[in-house]
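Since the structure comes first, as structure tokens, the remarks are kept for the end.
There are 2 protein chains.
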Amino acid sequence: MDAQLKRGVLDVCVLAAIKNEDSYGYKIIKDLSPIVELSESTLYTILKRLETAGMLVVRSTEFEGRLRKYYHITPRGMQRILDFKNEWKEIMDIYSFIGKED
Amino acid sequence: MDAQLKRGVLDVCVLAAIKNEDSYGYKIIKDLSPIVELSESTLYTILKRLETAGMLVVRSTEFEGRLRKYYHITPRGMQRILDFKNEWKEIMDIYSFIGKED
DNA sequence: ATTGATACCTCGGTTTACGATGTATAGCGT
DNA sequence: ACGCTATACATCGTAAACCGAGGTATCAAT
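Sequences listed follow chains E and B, in order. Following numbering that gives the first Met the number 0, the numbering of the first sequence begins with 0 at its first residue and continues without gaps. Following numbering that gives the first Met the number 0, the numbering of the second sequence begins with 0 at its first residue and continues without gaps.
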């Protein structure tokens, strides 16, 4: 999928990936891979960004000798998802316009 | 609408705006404004980009003393629209994923 | 004469996806 | 013992692209 098209949706995808159950970086990538491909460098950048924005909180744990950071969505993060859904109507209007009069 | 969300769709919007009838910069902005807001600086950047990519061709004319550059879509530009429509399924999958299990 | 609409364009800032690269542990096959 | 793969984190530099601010110019209306 085109990199430009991902902008604006990747953030929300990551939030959606942790919405129902806390998750960690490596697992988020695996879970999202059937839906959207994203690299590790991109994911960790997004996670840092969302944390700074207060849309998720981090809890560092140790799992089988390896560091594992669990991410938990905040109310602000949930709101971000709702905002995106409200914006979806506009996206659909754009699609209708593009497909008009073939 | 969020600037990031526009990426990847604005190009196609501009192509769609000239798809059925040749148009010029100022008019394209007016025609698109109900669908997507975009600034002049953005539009002219996009037009130059699409021209370089061979997706449209330009014809300069004079209209009531003012310069007016008409843009005409090429087969490659039409193909770009088709490609976008094929990518739409992936976008819908993303939306389904985000809305899943509320 | 001044304002607003029409019509074009450029520059710099900011955001963001991604490849390349680095660190470290655990487990498996040879 | 050694290498490879999977797991799991992180940083850096690059390129793409939207936009505000600013610039130029014509024409109509006040």
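From the three backbone atoms N, C-alpha and C, an ideal C-beta is built for every residue, glycine too.
Exercise. For the beta strand (DSSP E) that contains Thr-60 (chain E), what are its first and last residues?
Worked result: The count along the first sequence starts at 1 and reaches residue 60 (chain E) at position 61. Bounds of the beta strand (DSSP E) holding Thr-60 (chain E) are 55-62.
Exercise. Would DSSP call Ser-32 (chain B) helix, strand or coil?
Worked result: Working through the second sequence from its first residue, we reach residue 32 (chain B) at position 33. Here Ser-32 (chain B) sits in coil by DSSP.
For this session: Taking Val-13 (chain E) as the reference, give the member of E:His-71, E:Met-91 and E:Ser-95 with the closest Cα.
Result: Within the first sequence, the letter at position 14 stands for residue 13 (chain E). Here the closest residue by C-alpha is E:His-71.
Exercise. Which residues, taken in chain order from the region 4-30 of chain E, show a beta carbon closer than 7 Å to some beta carbon of chain B?
Worked result: For the region 4-30 of chain E, which is checked against every Cβ of chain B, the residues closer than 7 Å are Leu-4, Arg-6, Gly-7, Val-8, Val-11, Cys-12, Ala-15 and Asn-19.
For this session: Compare the Cα-Cα distances from Gly-7 (chain E) to each of B:Asp-1, B:Val-11 and B:Leu-9 and report the closest residue.
Result: In the first sequence, counting from the first residue as 1, residue 7 (chain E) sits at position 8. The shortest C-alpha to C-alpha distance from Gly-7 (chain E) to any of B:Asp-1, B:Val-11 and B:Leu-9 is the one to B:Asp-1.
Exercise. Which of helix, strand or coil does DSSP assign to Arg-48 (chain B)?
Worked result: Along the second sequence, one-based indexing puts residue 48 (chain B) at 49. Helix.
For this session: Could you round the C-beta distance between Ser-22 (chain E) and Tyr-69 (chain E) to whole angstroms and report it? I think they count as a contact, below 8 Å.
Result: The count along the first sequence starts at 1 and reaches residue 22 (chain E) at position 23. The count along the first sequence starts at 1 and reaches residue 69 (chain E) at position 70. Contact annotation, Ser-22 (chain E) with Tyr-69 (chain E): C-beta distance approximately 7 Å; criterion of less than 8 Å satisfied.
For this session: Pick helix, strand or coil for Leu-9 (chain E), following the three-state DSSP scheme.
Result: By 1-based counting over the first sequence, the position of residue 9 (chain E) is 10. Residue state, collapsed to three classes: helix.
Exercise. Nearest CA to the CA of Lys-84 (chain E): which residue from E:Leu-4, E:Gln-3, E:Val-11 and E:Ile-28?
Worked result: Walking along the first sequence from the start, residue 84 (chain E) turns up at place 85. The option with the nearest alpha carbon to Lys-84 (chain E) is E:Val-11.
For this session: Compare the C-beta of Met-0 (chain E) against all C-beta atoms of chain B and say whether one is closer than 9 Å.
Result: As a first step, residue 0 (chain E) must be located in the first sequence, where it is residue number 1. Interface flag for Met-0 (chain E) against chain B is set, since a Cβ pair is found closer than 9 Å.
Exercise. In the region 71-85 of chain E, which residues sit with their C-beta less than 8 Å from some C-beta in chain B, listed in chain order?
Worked result: Residues passing the 8 Å Cβ filter: Ile-80, Phe-83 and Lys-84.
Exercise. Taking Cβ-Cβ distances shorter than 8 Å, what residues in chain E pair up with Ile-45 (chain B)?
Worked result: Numbered from its first residue, the second sequence carries residue 45 (chain B) at position 46. Near Ile-45 (chain B) there are no residues of chain E at all, since even the closest Cβ is about 12 Å away, more than 8 Å.
Problem set entry | Beta carbon of Ser-59 (chain B) nearer than 9 Å to that of Arg-48 (chain B) | Here residue 59 (chain B) is taken as the residue at index 60 of the second sequence, counted from 1. Here residue 48 (chain B) is taken as the residue at index 49 of the second sequence, counted from 1. In this structure, Ser-59 (chain B) sits away from Arg-48 (chain B), with a CB-CB distance that is not shorter than 9 Å.
Exercise. Mapping DSSP to helix, strand and coil, what is Ser-22 (chain E)?
Worked result: Residue numbering aside, residue 22 (chain E) sits at position 23 when the first sequence is read from its first letter. Correct three-state label for Ser-22 (chain E): strand.
Exercise. Name the chain B residues that come within less than 7 Å of Phe-62 (chain E), Cβ to Cβ?
Worked result: Here the question's residue 62 (chain E) lines up with position 63 in the first sequence. Neighbours of Phe-62 (chain E) on chain B: none; closest Cβ ~25 Å, over 7 Å.
Problem set entry | Under 9 Å from the C-beta of Val-35 (chain B): neighbouring residues of chain E | Numbered from 1 along the second sequence, position 36 holds the residue referred to as residue 35 (chain B). Here the neighbours are Glu-89, Asp-92, Ile-93 and Phe-96.
Problem set entry | For Lys-26 (chain E) and Tyr-43 (chain E), the rounded distance between their alpha carbons | The residue given as residue 43 (chain E) occupies position 44 in the first sequence. The residue given as residue 26 (chain E) occupies position 27 in the first sequence. Whole-angstrom Cα-Cα distance: 12 Å.
For this session: Starting from the beta carbon of Glu-100 (chain B), find every residue of chain E whose beta carbon is closer than 7 Å, and list them in chain order.
Result: Residue mapping note: residue 100 (chain B) aligns to position 101 of the second sequence, counting from 1. The contacting residues are Asn-19.
For this session: Using only alpha-carbon positions, find the residue among E:Glu-50, E:Leu-4 and E:Gln-3 that is nearest to Gly-24 (chain E).
Result: Sequence index remark: in the first sequence, residue 24 (chain E) carries index 25 (1-based). Of the candidates E:Glu-50, E:Leu-4 and E:Gln-3, the one whose C-alpha sits nearest the C-alpha of Gly-24 (chain E) is E:Glu-50.
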